[in-house]
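Numbering (full-length UniProt numbering), first residue to last: 1 to 169.
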């Protein structure tokens, strides 16, 4: 195994959950970027990360039964989620989306040399899966982030989503 004093590899025997963490974190990072663009502060950003992690866990439970809860506490889960929500390009472009009023596509061209963000694309795919099962209401954060990305909601509408999230009721 590749391991040094400053690099550690941990084998996680839960492929579906690891792959979902790697994809779903980008949706949550878009939400974190919207919060940063609105200057709502660290506590609101922490709420988005917490609710996002909860929806990530629920998504795996619904669509990939048998996933292990412990996987979300490995580096591929919460650690990667936090890193992406504080420094990733999905967060950065989403912040610029709020501050500039430009479209995601315009910002991808300007900020990413034409590369595509994974967050909005993954949000679209997840929303499609949720619609098929009539489960959008069970994943309000993922749904709101998708709707903001496609222009159906304003970024400021994310606050109502956080306030009325079922995990707070």
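Yeah, the Cβ is synthetic: ideal placement off N, Cα and C, and Gly gets one too.
Ranked by Cα distance from residue 149, the options 12, 25, 34 and 19 are led by 34. Cβ contact annotation for residue 74 (same chain, cutoff 7 Å, sequence separation greater than five): 10 and 12, in chain order. In the structure shown, residue 164 falls within a coil segment according to DSSP collapsed to helix, strand and coil. Excluding residues up to 5 positions away in sequence, 23, 24, 26 and 27 lie with their Cβ nearer than 8 Å to the Cβ of residue 122 in the same chain.
A residue is called buried once 16 or more other Cβ atoms fall within 10 Å of its Cβ, and residue 112, having fewer, is exposed.
Here the C-alpha atom of residue 89 lies approximately 19 Å from the C-alpha atom of residue 44. Annotation for residue 95: 33, 34, 36 and 37 place their beta carbon closer than 8 Å to its own, counting only its chain and skipping 5 residues before and after. Taking a 10 Å sphere around the C-beta of residue 115, we find fewer than 16 other C-beta atoms and assign the residue as exposed.
Annotated three-state conformation of residue 4 is coil, per DSSP. When the beta-carbon positions are compared, residue 77 and residue 71 come within less than 8 Å of each other. At the C-beta level, residue 162 and residue 79 stay beyond 8 Å of one another. The alpha carbon of residue 120 has as its nearest neighbour, out of 20, 29, 7 and 17, the alpha carbon of 29. In this structure, the alpha-carbon of residue 135 lies about 30 Å from that of residue 41. With a threshold of 16 other beta carbon atoms within 10 Å, residue 39 falls short and is exposed.
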